[in-house]
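Chains as they are written, first to last, in our numbering: chain E, 28 to 139; chain S, -9 to 103.
This report refers to the structure that appears directly beneath it.
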């Protein structure tokens, strides 16, 4: 089954404790991205990757890091999480940057 | 700066009737428009799209209309079914480019049996 998986689905953590949210797709997609969804704001892009070892900032990259060492995986790293990073996070992938995106099920992160 | 706006946070419709979800945008460079549907505890799934060279695109019960002069698009669902109850996101981008895509805040549609 073609899918994008994210782990964990739910995470509660404390300010400053480094965390990683994993994202994996099994569709051999080149393009992957991370979004956060906040009430009243829709989805905003954090980072994207056009292919292996090619990443770039989206609209709201501050406080986040990503890496793309393999085509299928695109982890999101919060080196020092803060409460304003409490949000619902979605990973997405597409065949190319011009194609419709497939989204993962989301990770709800709470930073206290 | 919200470049894509869905001004109705929620909409309730009777089963079998038409659902009309609206979306407005401000950036005249947007050329490609999409609707995504999201169920609780799931990620958004692509529903239908339209490019600026068209003013209408149909896919079964779903039709998207684009009015470029008014910077407005709408999604029509006919007939509405209870399984259509979800949050619908409108998205727009210049050309076909996921990097510059902007999403609206979503409209929660409830279809009552």
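Glycine residues also receive a C-beta, built at the ideal position from the N, C-alpha and C atoms.
Please name the residue in E/99, E/106 and E/113 whose C-alpha comes closest to that of residue 78 of chain E.
-> E/99
Could you name each continuous beta strand (DSSP E) segment of 3 residues or more that falls completely within the segment 40 to 107 of chain E, going from the start of the chain to the end?
-> 46 to 52, 58 to 65, 69 to 78, 81 to 84 and 103 to 105
So what's residue 124 of chain E in DSSP terms, helix, strand or just coil?
-> coil
Closer than 7 Å at the beta carbon, the chain S residues around residue 102 of chain E = Simply none; closest approach about 17 Å.
Local conformation of residue 57 of chain S per DSSP, three classes | strand
Could you tell me how far apart the beta carbons of residue 21 of chain S and residue 61 of chain S are, in whole angstroms, since I believe they sit closer than 8 Å?
-> That pair is no contact at about 12 Å.
Give the DSSP-derived three-state secondary structure of residue 87 of chain S in the structure shown.
-> coil
Mind checking the segment 19 to 41 of chain S against chain E and listing, in chain order, the residues whose C-beta falls within less than 9 Å of any C-beta there?
-> 22, 24, 26, 28, 31, 32, 33, 34, 35, 36 and 39
Contacts around residue 55 of chain S, its chain only, beta-carbon distance under 6 Å, and the 5 residues preceding and following it disregarded | 46 and 64
Under a Cβ-count criterion, where at least 16 other Cβ atoms within 10 Å of its own Cβ denotes burial, should residue 119 of chain E be classed as buried or exposed?
-> buried
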